[in-house]
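As structure tokens, the structure follows; a few thoughts come after it.
Numbering (our numbering), first residue to last: 127 to 211.
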């Protein structure tokens, strides 16, 4: 590994998922304006809209889209337009 190209200011940071209020602590170099106290220790706080704990891909709660219904609806509206030319 090359020297002096990697950041040296890694520190524990709290990441908070705002959609489900879950928090997790990870090492990061990100700058944070807010702080949070957990178990008597103050950490920088980074608020996130979505994380792996709330994203449908990772939670397995994906919503299937009815694409066949959409195609049928499109064809019923616009499918016959080329036949008249």
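For glycine and all other residues, C-beta sits at the position ideal for the given N, C-alpha and C.
Since this is a predicted model, take the numbers as computed values, not measurements.
By the 16-neighbour rule on beta-carbons within 10 angstroms, residue 169 is buried. Residue 139 places its beta carbon 8 angstroms or farther from that of residue 149. Look at residue 172 here: in three-state DSSP terms it is strand. Under the 8 angstroms Cβ criterion, the region 158-168 does not count as touching the region 194-207, having fewer than three qualifying pairs. Distance from the CA atom of residue 173 to the CA atom of residue 130, rounded to whole angstroms, is 30 angstroms.
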